[in-house]
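A.B. asks: Residues in the sequence shown are numbered consecutively from -6, following this note's numbering. Even for Gly, the Cβ is constructed at its ideal location relative to N, Cα and C. Note that this is a predicted model, so its numbers are computed, not measured.
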Amino acid sequence: MSIGLNHIAGRWQPAASGATREVIDPADGSAIGLVTDSAAEDAQAAIAAARHAFDIDGSWRRTAGPKRAALLLRVADAIAARTEELAVLDSRDNGKPLREARADIEDAAACFRFYAGLIGMPQGGVHEVTDAFGPMQSISMHEPIGVCALITPWNYPLLMATWKLAPALAAGNCVVFKPSELTPLSAIVLFEILEQCGLPPGTANLVLGTGLAVGAVLAGSEDVDMIVFTGSTRTGQAIARAAAGNLKKVGLELGGKSPNVIFADADLEGAVEWAMVGVFFNQGEVCSAGARILVEASIKDRFVARLAERARAMTIGRGLGDPDIGALVSEAQLQRVLGFVERAAGEGARVVCGGRRHGDVGFFMQPTVLDDCTPAMEIVREEVFGPVASIQAFSTEDEAIAMANDTPYGLAGGVFTSDGARALRVVRALRAGVTWINCYNPTFTEAPWGGCKRSGYGRELGANGLLEYQHVKQVNTNLRPGPLGWYEERRP
Ligand code: NAD
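Written out as structure tokens, the structure reads:
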């Protein structure tokens, strides 16, 4: 088995210690890869390479916009050309159904294309000012921030990498990228593609390793100008603290516990299927998962019965066999999810369907519906990150809104109703960064993504996603050069 290596300063290289780590197929627990397992010295070498590429070499930030865009378009084409290979890698690495993995790879190619297109858009502005100092012209220009550290989780391996790398590179930055240690395989292919497409050495550096050994070094480094992180709220808090040392810019896309509000006037079949997409897609390992389903009391029993009926009919199996639900990413994650269900039942939730491990090989979990949940239960308050829906009933719109917002998180939320005005009232009242009306979970490369409260800050995707990786500089020019005459010259 060949070893997946770091890519630092344009060279493929093992960790200095020579340590390696197995990559596990969650469908059967077997090893499907071996990758280098880096430590602080490897992270520092990657930071130094990015620093040199940005400060000394400077070739990427000085590359003319159309050439940068052309390179990113080549990357998009190369990703598209390797869709099947990348989808199989992500499906095996993460456990997700193959058709979901294919959609991720298509989105990843689209993301590079989108940011290639934005490179040519006008940015900055001209602000003419005439003041006490004479005629002046003030312009603002957008520049890359410098060296950006990018850290991603395991639930969308290639896509999360792309959401960060594409805008960071489009803006002219140099980067150090650390994927999750659980799902590093597609990132290695992405770096092969970046190299083949001609990205200058050191512009993008890949370091494979754990959060504590590598991620924490990136977060604390004085030589990193910005860190962008997707992952759990707890890790995000640690990163924000570590980043305070040199006050590097921070972007955090964190966890969620998002509400999905179903009114009695909604199309019931549509609401049930979209609720399934909301909570069972990607095995529920989705930051925006609509895991808290709030249903108007008059239809609650009908809704729950139908949701459970559909959940029981879902196919579960190895991602490559394209089931409805694949394996959870690890045994630890499966045990974590099972623990949530067991404690919920202990607190009085009714397990309508699922709740158990599926099979005895691999890390599979039955899609689970828990009814009779109450606001204080752990299952309603904590992010589960598994295929588990908690159901609560509400009686009025105001009550639904209050329940929806009763969470420390603020990533996403949905509403199902045939009353258009009510739909708008509810989403306007939701404290969340991403909302859906009569659908749940579709994501658009063109639209800004991110949360509020403990779901983090900053935005990825859309034009906002590019702005995050830029800083704005003022350039003020005296239009009448020469003595100002402000100070009277007095002879002593
Ligand atoms: P995690 O926080 O455990 O790990 C995420 C990444 O951070 C990994 O690469 C890990 O190695 C690294 N890391 C861990 N400790 C670190 C530290 N101290 N310093 C620096 N890096 C460190 O999260 P996970 O279990 O991989 O992913 C699941 C979480 O990600 C969920 O909470 C989910 O909601 C969140 N998520 C959020 C979004 C979003 O857009 N808001 C998207 C996907 C996932």
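Tell me whether Glu246 counts as near ligand 1, meaning its Cβ is closer than 6 Å to at least one heavy atom of that ligand.
C.D. replies: Counting from one through the sequence shown, the residue named residue 246 turns up at place 253. Because some heavy atom of ligand 1 lies under 6 Å away, the Cβ of Glu246 counts as near it: yes.
A.B. asks: To which residues does DSSP link Val354 through a beta bridge?
C.D. replies: In the sequence shown, residue 354 corresponds to position 361, counting from 1. Note: Val354 sits in no beta bridge, so no partner.
A.B. asks: Report, in whole angstroms, the separation of the C-beta atoms of Lys250 and Ala304, which I expect to be a contact under 8 Å.
C.D. replies: Numbered from 1 along the sequence shown, position 257 holds the residue referred to as residue 250. Numbered from 1 along the sequence shown, position 311 holds the residue referred to as residue 304. Not really, about 20 Å apart at Cβ, beyond 8 Å.
A.B. asks: Kindly indicate which residue of Tyr108, Cys445, Ala264 and Asn275 has the alpha-carbon position closest to the one of Gly455.
C.D. replies: Residue mapping note: residue 455 aligns to position 462 of the sequence shown, counting from 1. Comparing Cα positions, the closest option is Tyr108.
A.B. asks: Taking DSSP as the reference, what is the three-state secondary structure of Met134?
C.D. replies: Position 141 of the sequence shown, counting from 1, holds the residue named residue 134. Correct three-state label for Met134: strand.
A.B. asks: Below 8 Å, how does it come out for the segment 29 to 38 and the segment 59 to 69: are there three or more Cβ pairs, yes or no?
C.D. replies: Contact fails: fewer than three Cβ-Cβ distances are below 8 Å.
A.B. asks: Which residues does DSSP list as the beta-bridge partners of His120?
C.D. replies: Numbered from 1 along the sequence shown, position 127 holds the residue referred to as residue 120. Note: His120 sits in a beta bridge opposite Ser131.
A.B. asks: With Cys104 as the anchor, note down where its alpha helix (DSSP H) starts and where it stops.
C.D. replies: For the purposes of this step, residue 104 is taken as residue 111 along the sequence shown, with counting starting at 1. Leu91 to Leu111 is the span of the alpha helix (DSSP H), which, as asked, contains Cys104.
A.B. asks: So, is His0 buried or exposed, given that buried needs 16 or more other C-beta atoms within 10 angstroms?
C.D. replies: Numbered from its first residue, the sequence shown carries residue 0 at position 7. By the neighbour-count rule (16 or more Cβ atoms within 10 Å), His0 is buried.
A.B. asks: Tell me the rounded alpha-carbon separation between Trp156 and Ser179.
C.D. replies: One-based indexing of the sequence shown puts residue 156 at position 163. One-based indexing of the sequence shown puts residue 179 at position 186. Using only the alpha carbons, I get a separation of about 14 Å.
A.B. asks: Leaving aside the five residues before and after Leu187 along the sequence, list all residues of the same chain whose C-beta is less than 6 Å from its C-beta, in chain order.
C.D. replies: Numbered from its first residue, the sequence shown carries residue 187 at position 194. Result list for Leu187: Ala197, in chain order.
A.B. asks: By the 10 Å Cβ neighbour count, where 16 or more other Cβ atoms means buried, how is Cys445 classified, buried or exposed?
C.D. replies: Within the sequence shown, the letter at position 452 stands for residue 445. Looking at its Cβ environment, which holds fewer than 16 other Cβ atoms inside 10 Å, Cys445 is exposed.
A.B. asks: Could you name the residues of the same chain whose beta carbon sits closer than 6 Å to that of Arg447, not counting the 5 residues immediately before and after it, in chain order?
C.D. replies: If you number the sequence shown from 1, residue 447 lands on position 454. The answer, listed in chain order, is Thr226, Pro401 and Tyr402.
A.B. asks: So is the beta-carbon of Pro435 under 6 Å away from any non-hydrogen atom of ligand 1?
C.D. replies: Looking up residue 435 in the sequence shown gives position 442. Checking the Cβ of Pro435 against ligand 1 gives no.
A.B. asks: DSSP three-state label for Met219, please.
C.D. replies: Within the sequence shown, residue 219 is the residue found at index 226, counting from 1. Strand at Met219.
A.B. asks: Taking Gln326 as the reference, which of Asp317, Ile286 and Met358 has the closest Cα?
C.D. replies: As a first step, residue 326 must be located in the sequence shown, where it is residue number 333. Gln326 has its Cα closest to that of Met358, out of Asp317, Ile286 and Met358.
A.B. asks: Using 10 angstroms around the beta-carbon of Val468, count the other beta-carbons present and answer buried if the total reaches 16, otherwise exposed.
C.D. replies: On the sequence shown, residue 468 is found 475 positions in, with the first residue counted as 1. Exposed: under 16 other Cβ atoms inside 10 Å.
A.B. asks: Three-state secondary structure (DSSP) at Thr29?
C.D. replies: For the purposes of this step, residue 29 is identified with residue 36 of the sequence shown, where counting begins at 1. Of the three classes helix, strand and coil, the one that applies to Thr29 here is strand, per DSSP.
A.B. asks: What residue from Met396, Glu392 and Gly352 has the CA that sits closest to Val373's CA?
C.D. replies: As a first step, residue 373 must be located in the sequence shown, where it is residue number 380. Out of Met396, Glu392 and Gly352, Met396 has the C-alpha closest to the C-alpha of Val373.
A.B. asks: From what residue to what residue does the alpha helix (DSSP H) around Ala382 run?
C.D. replies: The count along the sequence shown starts at 1 and reaches residue 382 at position 389. From DSSP, Ala382 is part of no alpha helix (DSSP H) but of the beta strand (DSSP E) over Val381 to Phe387.
A.B. asks: With 16 other CB atoms within 10 Å as the buried threshold, where does Leu417 fall?
C.D. replies: One-based indexing of the sequence shown puts residue 417 at position 424. Exposed, because fewer than 16 other Cβ atoms sit within 10 Å of the Cβ of Leu417.
A.B. asks: Taking the alpha carbon of Glu390 as the reference point, which residue from Phe333, Glu335, Pro316 and Glu289 has its own alpha carbon closest?
C.D. replies: By 1-based counting over the sequence shown, the position of residue 390 is 397. Glu390 has its Cα closest to that of Glu289, out of Phe333, Glu335, Pro316 and Glu289.
A.B. asks: Have a look at Ala382 and Ala96 and give me their C-alpha separation to the nearest angstrom.
C.D. replies: Looking up residue 382 in the sequence shown gives position 389. Looking up residue 96 in the sequence shown gives position 103. Approximately 24 Å, taken between the alpha carbons.
A.B. asks: Is the distance from the Cβ of Gly229 to the Cβ of Gly449 below 7 Å?
C.D. replies: Residue 229 sits at position 236 when you count from the first residue of the sequence shown. Residue 449 sits at position 456 when you count from the first residue of the sequence shown. Yes, Cβ-Cβ distance for Gly229 and Gly449 is below 7 Å.
A.B. asks: Report the option in Lys293, Phe273 and Asn275 whose CA atom is closest to the CA atom of Asp258.
C.D. replies: Counting from 1 along the sequence shown, the entry for residue 258 is found at position 265. If we check each option's Cα against that of Asp258, Lys293 comes out closest.
A.B. asks: I'd like to confirm the pairing. Which residues does DSSP put opposite Asp364 in its beta bridges?
C.D. replies: The sequence position of residue 364 within the sequence shown is 371, counting from 1. In the DSSP output, where bridge partners are listed per residue, Asp364 has Arg343.
A.B. asks: Could you tell me whether the segment 232 to 240 touches the segment 254 to 270, where touching means 3 or more Cβ pairs closer than 8 Å?
C.D. replies: Touching, no.
A.B. asks: Are Ile112 and Gly51 closer than 7 Å when you measure CB to CB?
C.D. replies: As a first step, residue 112 must be located in the sequence shown, where it is residue number 119. As a first step, residue 51 must be located in the sequence shown, where it is residue number 58. Result no, Cβ atoms of Ile112 and Gly51 do not sit closer than 7 Å.
A.B. asks: Suppose you measure from the CA of Leu192 to the CA of Ala41; what does that come to, to the nearest Å?
C.D. replies: On the sequence shown, residue 192 is found 199 positions in, with the first residue counted as 1. On the sequence shown, residue 41 is found 48 positions in, with the first residue counted as 1. Taking the straight line joining both Cα atoms gives about 17 Å.
A.B. asks: For the alpha helix (DSSP H) containing Arg552, list its first residue and its last residue.
C.D. replies: Nothing can be reported for residue 552: it is not among the residues displayed for the chain, which extend from -6 to 485.
A.B. asks: Closer than 6 Å: is that where the CB of Ala161 sits relative to any heavy atom of ligand 3?
C.D. replies: As presented, the structure is devoid of ligand 3, carrying ligand 1 as its sole ligands.
A.B. asks: In terms of DSSP beta bridges, what is Pro252 paired with?
C.D. replies: The residue you call residue 252 lines up with position 259 of the sequence shown. Answer by DSSP bridge pairing, in chain order: Arg285.
A.B. asks: Check whether the Cβ of Ile144 sits closer than 6 Å to any heavy atom of ligand 1, and report yes or no.
C.D. replies: Counting from 1 along the sequence shown, the entry for residue 144 is found at position 151. Yes, Cβ of Ile144 sits closer than 6 Å to a heavy atom of ligand 1.
A.B. asks: Answer yes or no: the CB of Thr228 versus the heavy atoms of ligand 1, is any distance below 6 Å?
C.D. replies: Along the sequence shown, read from residue 1 onward, the residue named residue 228 stands at position 235. Checking every heavy atom of ligand 1 against the Cβ of Thr228, one is found closer than 6 Å.
A.B. asks: Could you say if the segment 463 to 482 and the segment 265 to 283 meet the contact criterion of at least three C-beta pairs nearer than 8 Å?
C.D. replies: Contact fails: fewer than three Cβ-Cβ distances are below 8 Å.
A.B. asks: Report the rounded CA-to-CA distance for Tyr385 versus Trp5, giving the unit in angstroms.
C.D. replies: If you number the sequence shown from 1, residue 385 lands on position 392. If you number the sequence shown from 1, residue 5 lands on position 12. According to the sequence provided, residue 385 is Gln. The question's Tyr does not apply to it. Answer to the nearest angstrom: the Cα atoms are 52 Å apart.
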